[in-house]
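There are 2 protein chains.
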Amino acid sequence: MFQTFTTPSTPETGAARLAQLRTALSQRGIEGFLVPRSDAHQGENVAPHDERLAWLTGFTGSAGFCVVLQDSAGVFVDGRYTLQVRKQIDLSAFTPQSLVNDKLSEWLLARLPEGARIGYDPMLHTVAELEALESALEGKLSLCPTENPIDAIWRDQPAPPTGKITPYPIEFAGVSSAEKRVQLATTLRDNDLCASVLTLPDSICWLLNIRGSDIVRAPLVLAFAILHDDARVDLFTDPRKASPELLDHLGDQVTLHPNEAFQPALNALKSRVGIDKKTAPIWVCNQIQHPVNHPDPCVLPKARKNPAELAGTRTAHRRDAVAMCEFLAWLAQADHSGLTEIDVVTRLESFRRNTNALTDISFDTICGAGPNGAIVHYRVDDSSNAELVQDSLLLVDSGGQYLDGTTDITRTVAIGQPDHDMIRAFTLVLQGMINLSMLRWPRGLSGQEIDAMARAPLWAAGFDYDHGTGHGVGAYLGVHEGPASISRRGTVALDPGMILSNEPGYYRENAWGIRIENLVVVTPPETPEGGDRAMLGFETLTWVPIDRALIDPTQLTPVQQDWLNSYHRAVFEMVSPHVSPATLDWLQRACAPV
Amino acid sequence: MFQTFTTPSTPETGAARLAQLRTALSQRGIEGFLVPRSDAHQGENVAPHDERLAWLTGFTGSAGFCVVLQDSAGVFVDGRYTLQVRKQIDLSAFTPQSLVNDKLSEWLLARLPEGARIGYDPMLHTVAELEALESALEGKLSLCPTENPIDAIWRDQPAPPTGKITPYPIEFAGVSSAEKRVQLATTLRDNDLCASVLTLPDSICWLLNIRGSDIVRAPLVLAFAILHDDARVDLFTDPRKASPELLDHLGDQVTLHPNEAFQPALNALKSRVGIDKKTAPIWVCNQIQHPVNHPDPCVLPKARKNPAELAGTRTAHRRDAVAMCEFLAWLAQADHSGLTEIDVVTRLESFRRNTNALTDISFDTICGAGPNGAIVHYRVDDSSNAELVQDSLLLVDSGGQYLDGTTDITRTVAIGQPDHDMIRAFTLVLQGMINLSMLRWPRGLSGQEIDAMARAPLWAAGFDYDHGTGHGVGAYLGVHEGPASISRRGTVALDPGMILSNEPGYYRENAWGIRIENLVVVTPPETPEGGDRAMLGFETLTWVPIDRALIDPTQLTPVQQDWLNSYHRAVFEMVSPHVSPATLDWLQRACAPV
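Rendered as structure tokens:
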């Protein structure tokens with residue numbers, strides 16, 4: 003079982019650890035210290051070695067930070083974690099703060115005398131982050147890089163991970179690492195850069211066609227790399243992760259070095275070096291003589307999947323669809339009395355494991371029964387675990403990591419008899435999801451220009467959802483991948499080959515939640531019959547029935563109804579040959595026309 | 003008759019004038035000179051005194067500029083004017099250039115030796131424009147402010163206008179100038195500014211509740227003003243424009259000065275002064291000791307119309323609708339053989355004049371028969387004037403200035419028997435127009451986030467249009483008013499009270515053009531029945547039938563069909579009491595349900 007449900011928080015140790023940290027700060031002569039949740043690679047998941055924020059405060063959310071001063075300690079979290087943080091931290095030692103409303107700079111300036119020194123670990127903060135904070139402090143406080151005092155006082159801190167690195171087969175990667183490196187080296191030379199420093203694990207994995215096992219939920223290698231303008235790469239990570247097979251795969255243009263070699267290698271770069279200020283640690287920037295802000299050159303080509311990556315992704319989705327259908331069929335006939343969210347999550351993971359191809363789940367399954375479904379980022383654990391709510395909804399958002407691709411799907415199903423409000427809202431969400439699926443648009447548009455298509459049916463009814471409509475998805479990499487998104491913040495053009503989620507929702511607080519999510523890929527420009535301009539569009543990747551018990555067909559336009567019925571027809575054709583007889587019966591009913 | 007149709011260009015004088023200008027440049031020791039179309043106020047229309055570009059080159063488009071060097075002279079125009087410019091200028095003297103593809107800085111650098119000096123009139127270029135050009139030239143050429151050499155050689159240059167200024171009645175303005183000035187003075191103090199320099203005529207007219215008659219198509223006063231942080235205003239313009247009644251209206255907190263007083267008044271400002279870099283002449287910036295870039299404080303409150311402005315606008319639109327219906331009824335029964343575009347424009351203006359309330363047309367009517375309809379910014383003149391094309395389309399985009407409001411409407415009508423392609427495309431354009439009219443959305447969204455709603459039906463068919471979906475419209479001010487728009491460039495939030503056009507289109511080159519345009523106003527936040535969030539929406543202002551002969555009802559969704567039929571019902575109720583008996587017959591048929 004990949005997912006665990008133990009309540010991981012230890013609020014009772016917070017006060018003592020905080021006292022130790024304050025002593026360490028006094029010894030260093032600094033008045034405060036920043037403890038972010040992130041590691042040096044700004045990823046969504048961090049290794050146990052890097053769980054400093056949770057170790058200190060007890061807070062285990064995926065974003066946030068703590069600021070420790072001698073007489074106060076604020077834990078800054080966003081709206082998702084307002085309730086969770088209060089349960090996980092010792093409120094007599096730490097004070098929850100809102101990431102949105104309580105500006106860190108103002109919080110610091112209100113509590114510290116002018117000239118006070120705030121320490122930070124320069125590996126854990128990006129250049130952009132530090133520059134923004136520095137400018138907001140207007141020179142009234144100084145920010146001081148320091149060795150991490152938590153690492154000094156955390157006696158049983160787990161070691162950094164040494165997960166094995168494996169070559170990623172060319173049949174899935176599609177393009178050789180050599181070809182990718184030569185291509186990007188041209189970009190560097192065009193921009194008058196002698197090198198580009200890569201600090202994002204998924205960029206490095208994509209560029210070198212490797213995958214790792216350093217952290218959960220994504221097959222990433224925690225590493226740094228320097229791409230030179232002659233297409234050579236220096237890779238910095240723990241050499242214990244390597245095998246002879248890997249070295250052979252990397253070839254003589256890619257050199258593996260231990261982590262300690264990173265600093266001298268950066269120091270040795272003489273002319274202009276590209277670093278991505280939004281993601282590179284400030285430490286990296288400080289080691290370079292001529293740093294130039296330049297976006298990580300892997301990000302865009304990685305997001306535009308090649309035909310092999312798309313073929314793999316399609317296969318992974320068909321496999322995942324079979325597991326999802328077995329799961330939904332099981333859920334439909336299960337005795338719901340006494341069945342809990344953890345039972346559901348466990349069962350779903352076992353259906354995915356039955357594919358014999360699952361390398362991990364792509365994120366901890368979100369499974370919210372009744373009111374828990376309205377908590378957008380709900381993760382069930384032993385203390386929150388609820389039984390399914392009769393005559394209500396169950397929201398299940400989950401995904402798998404397979405060697406050939408990464409999946410992410412949300413289905414909301416009726417448990418018992420749904421009422422009119424549930425059906426109306428579900429159908430509105432479905433209409434938005436269908437409108438976006440069917441959209442054609444001219445090349446060059448970004449996600450913020452089409453986000454409204456998925457929301458308009460909800461808006462007309464006075465509803466909305468407080469999250470983006472879609473995020474990028476990797477090819478056997480992170481389930482959340484930049485740079486494009488379909489949201490108000492999505493300013494990057496949607497290019498052919500980009501895989502995105504299409505997941506509108508609606509959440510009725512304390513009652514139930516609805517989300518419907520398919521993954522889609524942007525299709526190449528094509529001129530519709532009789533048209534005069536080429537248009538992009540979406541190809542759907544996810545093939546799992548949408549609960550007909552929750553759809554009011556009279557709310558749909560004829561075109562939306564056609565889309566739904568053809569979708570279900572395609573689901574049946576694709577999945578039916580591969581399911582058990584019991585599931586086949588269910589599938590037939592689930593795919594009947596509305 | 004406001005509109006004229008004489009071909010205004012005089013290409014044959016270009017060569018001689020160019021030679022004179024070159025002599026003047028030599029005498030001043032500068033290697034080149036920039037001749038923009040704009041005046042000091044960056045407006046859409048300029049006074050005859052400021053038609054320097056047309057005088058020199060013959061080119062009369064509404065945007066563009068000429069760069070004169072000793073051995074070449076480029077006339078830079080955008081895509082709208084590519085054909086027109088070649089007809090209007092002497093191609094042996096001037097070379098047409100593309101505003102989009104031929105970057106001015108590169109054009110200059112390719113033709114001049116390093117260190118060469120380019121002159122410009124500092125009154126005619128904005129701060130932002132000059133800064134951008136300066137930075138693109140990278141110090142290789144120098145830009146030198148100079149007195150305008152064209153004014154020196156243009157013997158019969160018309161005098162600057164001295165149009166009378168009249169008070170704008172409070173019943174239409176809604177809020178007194180004193181109240182507006184006190185409100186804005188607070189904004190200045192909040193931003194630590196002692197004053198703000200206003201250079202936009204519509205800002206000044208709005209702030210002082212005055213209207214003018216200096217230029218055609220908009221009741222503007224060409225003037226500058228300084229708003230002080232104590233709510234006083236110094237107004238600079240030709241005193242001959244004033245009357246005792248005006249001085250009485252302005253009161254003792256607003257002081258009228260002659261133009262010559264502007265420079266010393268700017269020089270006298272000691273502390274931080276706000277100027278809007280995007281619109282203020284660089285000359286203004288150079289006169290101020292502590293200029294600070296600060297958006298023109300009138301722009302946003304002017305765009306958010308108050309209840310009195312909206313009431314006036316609604317009245318103006320109902321009046322304009324009667325004129326438009328009389329016009330369309332006349333057109334429907336007219337003998338089309340031999341009828342020309344100019345006949346149609348003349349007739350339409352006469353129907354508007356018959357209201358006895360028309361103070362001007364709000365822009366030169368665009369009237370394109372058949373292929374001319376596909377030229378987005380087509381303006382008929384004697385040389386282009388075409389007869390209506392049988393079994394094709396006629397596109398008519400026009401508007402009126404009335405004391406209580408400004409209108410802008412496009413209707414496309416069938417002449418004879420429309421074919422299947424015309425009907426299909428017209429219905430797609432209509433679907434986009436209706437989708438946007440019906441849209442509800444949460445506060446805070448900008449035009450670029452909803453632009454796709456109007457285009458999606460066209461995109462699905464492989465069609466699109468190369469202009470924005472909507473522009474802001476003034477309240478008895480300019481028919482094009484910032485800062486909001488519904489387009490890919492629309493980044494300003496759409497606020498309640500903003501009046502915008504909703505005008506999708508489709509243009510089949512060399513065949514016909516379609517545009518359907520209503521004005522709409524953003525409505526205050528309101529929670530739809532059963533919803534949980536407040537939504538903004540649009541109230542339609544324009545009440546004129548949409549040609550039923552061009553609509554395929556089977557293409558519409560039931561909701562779109564309902565919108566259209568209720569729209570036509572409302573048109574009939576509003577307009578029918580005020581039209582002639584013959585028009586009433588036509589109106590009845592034109593408003594019948596589809």
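For the protein sequence lines, the chains are A and S, in the order given. The first sequence begins at 3 in our numbering and counts up by one. The second sequence begins at 3 in our numbering and counts up by one. All C-beta atoms in this analysis are idealised placements derived from N, C-alpha and C, irrespective of residue type, glycine included.
Ranked by Cα distance from D158 of chain A, the options A:Q590, A:R54, A:F35, A:D393 are led by A:R54.
The region 79-98 of chain A and the region 108-115 of chain A do not touch, with fewer than 3 CB-CB distances between them shorter than 8 angstroms.
Considering only S:D41, S:A138, S:G446, the residue with the shortest C-alpha distance to K105 of chain S is S:A138. Using a 10 angstroms sphere on the CB of H473 of chain S, the tally of other CB atoms reaches 16 or more, which defines it as buried. Closest by C-alpha distance to L132 of chain S, out of S:K280, S:E531, S:P527, S:R591, is S:K280.
Selection A:V475, A:L479, A:A26, A:T471 evaluated against N504 of chain A yields A:T471 as nearest (Cα-Cα).
Under the Cβ distance rule, T529 of chain A counts among the residues neighbouring chain S, one pair being separated by less than 7 angstroms. Non-local C-beta neighbours of R320 of chain A in its own chain, meaning closer than 7 angstroms and more than five positions away in sequence, comprise W545, M576, ordered along the chain. DSSP places L360 of chain S inside the beta strand (DSSP E), whose first and last residues are 360-363.
DSSP places E528 of chain S in the uninterrupted beta strand (DSSP E) bounded by 520-528. Under the DSSP assignment, A118 of chain S falls outside any alpha helix (DSSP H); it carries neither an H nor an E label.
Below the 7 angstroms Cβ cutoff, chain A contributes G464, F465 as neighbours of D534 of chain S, in chain order.
Within the model, the alpha-carbon separation for V79 of chain A versus V87 of chain A is close to 8 angstroms.
When S:L460, S:L447, S:F465, S:G314 are compared, the shortest CA-CA separation from G492 of chain S is found for S:L447. Between the region 455-468 of chain A and the region 198-209 of chain A, the count of C-beta pairs closer than 8 angstroms stays below three; the two stretches do not touch. By the beta-carbon neighbour count (other beta carbons within 10 angstroms, threshold 16), L85 of chain S is exposed. Inter-residue distance for A477 of chain S and D231 of chain A is about 59 angstroms (C-alpha atoms, whole angstroms).
In the DSSP assignment, D399 of chain A is bridged to A:I368, A:T412. Those residues of the region 537-567 of chain S placed with their C-beta closer than 7 angstroms to a C-beta in chain A are M537, T559, ordered along the chain. Taking each of A:S144, A:N374, A:A134 in turn and checking the Cα distance to G31 of chain A, the smallest one comes out for A:S144. With a cutoff of 7 angstroms on beta-carbon distance, T8 of chain A and G60 of chain A are scored as not near each other.
The beta-bridge partner set that DSSP reports for P283 of chain S consists of S:T128. Across the set S:A180, S:G121, S:L135, the C-alpha of S:G121 shows the shortest separation from the C-alpha of I152 of chain S. Boundaries of the beta strand (DSSP E) harbouring R517 of chain A: 514-517, taken from the DSSP string. Note on geometry: alpha-carbon atoms of A594 of chain A and N567 of chain A lie some 8 angstroms from one another. In this structure the region 379-388 of chain S does not lie against the region 528-537 of chain S, because fewer than three pairs of beta carbons, one per stretch, are closer than 8 angstroms.
Taking a beta-carbon distance threshold of 7 angstroms, E53 of chain S does not count as an interface residue toward chain A. At a cut-off of 7 angstroms, the C-beta of A495 of chain A has no neighbouring C-beta in chain S.
Approximately 6 angstroms separates the beta-carbon atoms of Q255 of chain A and A233 of chain A; this is inside 8 angstroms, confirming the contact. Burial is judged here by how many other beta carbons sit within 10 angstroms of a residue's own beta carbon; L93 of chain A has fewer than 16 and is exposed.
In the DSSP assignment, N437 of chain S falls within the alpha helix (DSSP H) that extends over 422-440. I452 of chain A belongs to the set of residues whose beta carbon lies under 7 angstroms from a beta carbon in chain S.
When the alpha-carbon of F465 of chain S is set against those of S:S439, S:F428, S:M440, the nearest one is in S:F428. In this structure H259 of chain A is in contact with D236 of chain A, their Cβ atoms being roughly 6 angstroms apart against a cut-off of 8 angstroms. By the neighbour-count definition (other C-beta atoms within 10 Å, threshold 16), I172 of chain S is an exposed residue. A458 of chain A reaches chain S at L441, M455, counting residues in chain order whose Cβ is nearer than 7 angstroms.
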